[in-house]
Each structure stands twice: as C-alpha cells, then as structure tokens.
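Inspection log for the structure reproduced underneath, given as structure tokens.
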Amino acid sequence: MFGFIRPVKPELKVREVERFKQVYCGLCHAIREKYGHFHTAFLSYDMTFMALLLSSLEENEPKIVYKRCAASPIIKKPSCDIDNGIEHAADLSVLLNYHKLEDTIMDEKTVKRSAARVLKIIAKSAYKKAKIKNPKEDKIMSDCLKELSEIEKAKTASLDIPADCFARLMTCAVSDSYSDYTARVLKQLFYHTGRWVYLIDACEDLKDDLKSGLYNPVALRFGLDKPDLSKVREPLEITLERSLIDIYNAFQLLDIKRDYELMENIICLGMPMVTRQVLDGTYKSNGGQNRHGSL
Amino acid sequence: MDPYKVLGVTPQTSDDDVKRAYRELARKFHPDNYVGNPLADLAETRMKEINEAYDMIMNARASGGSAGSSTKQNSSGYNSSYQQNSSYNSYGSTNGGIYTQVRDAINKGNIALAEELLNREPTRTAEWHFLKGTVFYRKGWYDEARMYYMKACDMEPNNQEYRNALNMLNMGAGYGGYRPMTSMSMCDCCTTMMCMNCCCNGCCGGGC
C-alpha cells in the first residue's frame, strides 16, 4: 500500500525489532509460497502491521522458522511461521496490489499507466487464485474502489466521503472466523486505519496532485492551489488525531495474545510521528534525519 | 471470573500494585474515552469487570480470605463518579417533533434513521446542524462533524450544548485518554534543538 504504518525503531526493544522483522519475513514468505515472487515486490509495512495484528489474535504463537530468500540467499533468516493471520494478510496484499494497478491504469495518463498495464498482466494469475479463496473480500475491494473512482471523477470536495470508501475497504481484513465481539472491534480499528492512511496519503500527495491536476480531497476541501498545509493544519490534525484515538481505543478492547508493546509503539508513536511529518512536509526526509530506512 | 486475571496480577501482588494495575486499566477503559464511540458499550462492560475484580480482591484481602467468593460492598471510585453524558436529550429542542425523534434515534444507535430524518427536514436551524454533526461524529466522519458543529455554534453562539460538542471534538476525548499528537512533544523539542544546532553549525561555518 503506502508504508505509512511503521514503528519508531529507537523506542523499540531489540526483541521487538526482531519480531517485527520476523513477521515481515513471514508475510513475504507467505506471499511467495502461495503466489510467487512477483507479488513480494509490493510488500509494505502497512500489510506487516495487519499481519502482526491478526497474528497476535491467534491462540498459538507461530513457530520461528529459518528460511533463505531472494534478499538473503545464503544465510537463513528467522521468520515467523505462516498462521491464519499472516495468511489472510498475504491474500489481501495480493488482491489489493491488483486492484491498485487497475486503479493506476484508470487514473494515470503517463508512462505509469503503461507500466501498470504490464504489471497487471503479470499479476493476474495470482490475483485469480487469491480471488477464488477470498471472493467476499475481493468484492468489497472492487466495489469500494469503484465507488471511490466515481467520487474522484465528481471532484467531491470532502475529506470524509472518499476516506470512508477506503476505510470500508480496509475492513475486509476482518474475516468471518472471528467472534462477533472481535469482529466488531477489528472493523472499527481497520476502518479508522484506512481512513487515516487515505487522508495521510492525500496530504502527502498534495504537491504532485496539484501539479498533475489529479483529484486531491485535501486541495478541494480547503480550496488549496499551493502545496502548503500550514494554514489548514489545525483541522487536518484534529481529524487525523481522532482516527488515531479511535484506533487505539479499539486496540485496547482486543484480546491481544502477544506483541502488545510493539503494536502500541506503532499506534502511539509511529503513526503520530508520520502524521506530524506529513503535515510539516518533512515526511520524505523523515524529519530531517534522512529518509525512512528499512527496519 | 478470575479477578486476578482481569487485572493482570497474581494473588501474591501487593495491594499497592493491585491498585496501580487497577488504575491503569480504569484509565484506559474509562467511559470518557469512549463518548460517542461505537464501541462504548464494550468499554463499559470491560470497566464493570475491572471494578468488580478490584472490589473482589480488595474485599477478600480486607476480610483475610481469598478472592473469588466474596461479596462486594464498597464500590471503587470510578464507576460511581461517572455519569453518562453521551445521550442527547431533547431539552432545548425548539422544533419539538422531528429533533426529538432524531435524538432518540441517535441514542438508540440508529444512525441511519437519524440521518434520513435530518435529510428530510427542510429548515436548517442551528440544532439541525448540531444533530447532523453528531450523526457524522458517530460515523467517524470527524471533518464533516466538525464543520457542522462549527456552523451550529456560529448560528447560536450561546448554546452550551453545541459548544461542548465542538470542544470535545477539538480536544480529543477524556482525561487520561490517548493523546497521540501531544505524547511525543519532548521528542519534538529535541528534534527542534537538533535541527537548530545543525543550522547554526551550517551558518557559522562550523565555527562554534
């Protein structure tokens, strides 16, 4: 997706950093084993967070297995064994990549469009496989993105209307296997995660969108013609912070079996930090500390 | 219910630490953090469990027995001090019928009905804007909610109910709740200092 959901590494314990890497590797292996190498290229920290959260709700802690991969072909690296949570995140990752490519083909007009066309052809077979296994999720995704593109075409001057579409899309992370209680809490958590990601992405893309004339809800809502967020920072910050509060409040209500502190770091430190950086316009440079490296 | 498990402590935990664990949990699940939140009922149930567990442990310890079979007597501070303030009563309602119905629908959690009733209403008073804002608030559409609350406050600047709603949205909910954007202010300060340091060094050509 976008990679905005990430922990703040200096605040993590060493074993938490290891754990995050293991889940990242586990998700990557899950995607590769089920859908092939191609889709691992789109792996993101956002999906890692989803895998981590869904996996932390599983009763049994997944084993640590040692595996080689393309990035580390000689030394075997510890990786989280594939459980239901990680597997679901892998399926959704493949579905989402494909729909994102379709989206790019619809929106873009430049070379990006031709590139997306090629990638879409390569992605198709894995997508079909993922779709057969998750027809409901696929339907939600394609419906929400269709709705979103209508909203974009109509140049809707609202933050919440388009964000709601993407937020609903994210709730397909909640499969039918959960109890009513957990499903309700997870839906709220993923709804606001989706809302936050969509709005953060819109803020971060403001400059590019203004230049290329693409739809940008932030520009339309506040009537911006320059990529300067300083005048509209307050309403943006309030609305983004509310979603973060809702994510945290929902998170509290979950029966988390492990990795609580790691996820708390992501929600309470990582996401607020990214919010601040995006609103300050310092996200690309990671607040002056060079770019966001990998963990 | 195992009261020790609810509070995440053991029978060996000291009274002070049990109290600390209880306070920590009560702060997290305090109803103030969940005002207008679609999960408020779940948090309330959790809060009840925590209060009961704490009372059970403390009562059992006071009577020298083991927790689990004790009857509860004195309730811990949190649940009694709290009064539900998320309900939208019909006081101050000028347009009797329809707004009362809308408030009723919101209180019952039927947001779709409330929205439909509001959309059918041709006159857009301050109260209409306030209720519309409340509908959006419940849906998690916070930017829209804020705009409608602001409009309601503009139209009736002296209405305390509208003002409270807007303040609550602007401030983030509750004390002890999670305030993501202020929680790292110390770090911000450090970063600013670091940045300034870099600038100074740069400008002075590393002279200082």
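Protein chains in written order, with my numbering: chain A, 1 to 295; chain B, 1 to 208. Glycine included, C-beta positions come from ideal geometry on N, C-alpha and C.
Of the choices B/T125, B/G140, B/A126, B/P157, whose alpha-carbon is the least far from that of B/I111? It is B/G140 whose Cα lies nearest to the Cα of B/I111.
Below 7 Å CB to CB, which residues in the same chain sit around A/L148 once its five sequence neighbours on both sides are set aside? Annotation for A/L148: P162, C165, F166 place their beta carbon closer than 7 Å to its own, counting only its chain and skipping 5 residues before and after.
Exposed or buried, what is B/N164 when buried is set at 16 or more other beta-carbons lying within 10 Å of its beta-carbon? B/N164 is exposed by the Cβ-count criterion.
Which partner residues does B/I111 have in the DSSP bridge list? Checking the DSSP bridge columns, you'll see B/I111 has no partner listed.
Listed in chain order, which residues of the region 42-67 of chain B have Cβ atoms closer than 8 Å to some Cβ of chain A? Listed by position along the chain: L42, A43, R46.
Quickly, what does DSSP pair B/Y34 with across the bridge? List them, please. Note: B/Y34 sits in no beta bridge, so no partner.
Check whether the Cβ of A/L262 lies closer than 8 Å to any Cβ atom in chain B. For A/L262, the answer is no, since every Cβ of chain B falls outside 8 Å of its Cβ.
Verify whether the separation of the beta carbon atoms of B/V9 and B/A21 is less than 8 Å. Yes, these two residues count as a Cβ contact at 8 Å.
Thinking just about the alpha-carbon of each residue, which of A/K136, A/V111, A/I105, A/Y98 is nearest to the one in A/Y127? Checking every option, the nearest Cα to that of A/Y127 belongs to A/Y98.
What residues are listed by DSSP as bridge partners for A/S79? The bridge partners DSSP lists for A/S79 are A/V65.
Using a Cβ cut-off of 8 Å, which residues of the region 165-190 of chain A contact any Cβ in chain B, in chain order? For the region 165-190 of chain A, which is checked against every Cβ of chain B, the residues closer than 8 Å are A167, Y181, R184, V185, Q188.
Helix, strand or coil for B/G133? Go by DSSP, reduced to three states. Reduced to three states, the DSSP call for B/G133 is helix.
Listing by chain order, which chain B residues have their CB less than 8 Å from the CB of A/D246? Within chain B, the residues near A/D246 are N37, G140.
In chain order, what residues of the same chain have a beta carbon less than 6 Å from the beta carbon of B/E268, not counting five sequence neighbours either side? Nothing about residue 268 of chain B can be reported from this structure: the residues present for chain B run from 1 to 208 only.
Counting only beta-carbon separations shorter than 8 Å, does B/K5 have a partner in chain A? With 8 Å as the cut-off, B/K5 does not count as an interface residue toward chain A.
Quick check on B/N158: buried or exposed, where buried means 16 or more other Cβ atoms within 10 Å of its Cβ? Within 10 angstroms of the beta-carbon of B/N158 lie fewer than 16 other beta-carbons, which makes it exposed.
In whole angstroms, give me the CA-to-CA distance for A/P73 and A/E261. Cα to Cα, A/P73 sits roughly 31 Å from A/E261.
Any Cβ of chain A within less than 8 Å of the Cβ of B/K19? Answer no: the Cβ-Cβ gap between B/K19 and chain A never drops below 8 Å.
Measure the alpha-carbon distance for B/A60 versus A/D259 and round it to whole angstroms. C-alpha separation (whole angstroms): 33 Å.
Check whether the Cβ of A/S158 lies closer than 8 Å to any Cβ atom in chain B. Using a CB distance cut-off of 8 Å, A/S158 counts as an interface residue toward chain B.
Below-8 Å beta-carbon distance, B/R146 vs any chain A residue: It does: the Cβ of B/R146 has a partner Cβ on chain A nearer than 8 Å.
Counting contacts by CB-CB distance shorter than 8 Å, is A/Q252 in contact with chain B? Yes, A/Q252 counts as interfacial toward chain B.
Whose C-alpha, out of A/K211, A/C25, A/K9, A/G281, is nearest the C-alpha of A/P78? If we check each option's Cα against that of A/P78, A/C25 comes out closest.
Please confirm whether B/Y22 has its beta-carbon closer than 8 Å to some beta-carbon of chain A. Output row for B/Y22: interface = no.
Hey, could you find the ends of the alpha helix (DSSP H) A/T193 is sitting in? Segment 180-204, the alpha helix (DSSP H) holding A/T193.
Would you mind giving the Cβ-Cβ distance between A/G85 and A/A51, rounded to the nearest angstrom? I have them listed as a contact below 8 Å. Contact between A/G85 and A/A51 holds: their C-beta atoms lie close to 6 Å from each other, under 8 Å.
Suppose contacts are defined by Cβ-Cβ distances below 8 Å. Is A/L169 in contact with A/C144 by that definition? Cβ distance < 8 Å, so A/L169 and A/C144 count as in contact.
B/L169: contacting residues in chain A (beta-carbon distance under 8 Å): Simply I238, R242.
So what does DSSP say about B/M1, is it helix, strand or coil? Here B/M1 sits in coil by DSSP.
Would you say B/Y162 lies against chain A (beta-carbon separation less than 8 Å)? The Cβ of B/Y162 sits no closer than 8 Å to any Cβ of chain A.
Helix, strand or coil for B/F29 per DSSP? The answer is helix: DSSP assigns B/F29 an H, G or I state.
Rounded to whole angstroms, what's the CA-CA distance from A/I140 to A/P235? Just pull it up for me. If I take the Cα positions, the gap works out to 30 Å.
Which of helix, strand or coil DSSP assigns to B/C187: The pLDDT assigned to B/C187 is 42, lower than 50, so where the model puts this residue is not dependable; a value taken from the coordinates is nonetheless given after this. If DSSP states are grouped into helix, strand and coil, B/C187 belongs with the helices.
In the DSSP assignment, find the alpha helix (DSSP H) that holds A/A250 and state where it starts and stops. Where A/A250 is concerned, the enclosing alpha helix (DSSP H) stretches over 233-253.
For chain B, find out if any of its Cβ atoms is closer than 8 Å to the Cβ of A/N216; answer yes or no. Judged by the 8 Å Cβ criterion, A/N216 is not in contact with chain B.
Neighbourhood of B/A105 by C-beta distance below 6 Å, restricted to the same chain and skipping five residues each side: Non-local C-beta neighbours of B/A105 in its own chain, meaning closer than 6 Å and more than five positions away in sequence, comprise L113, A114, ordered along the chain.
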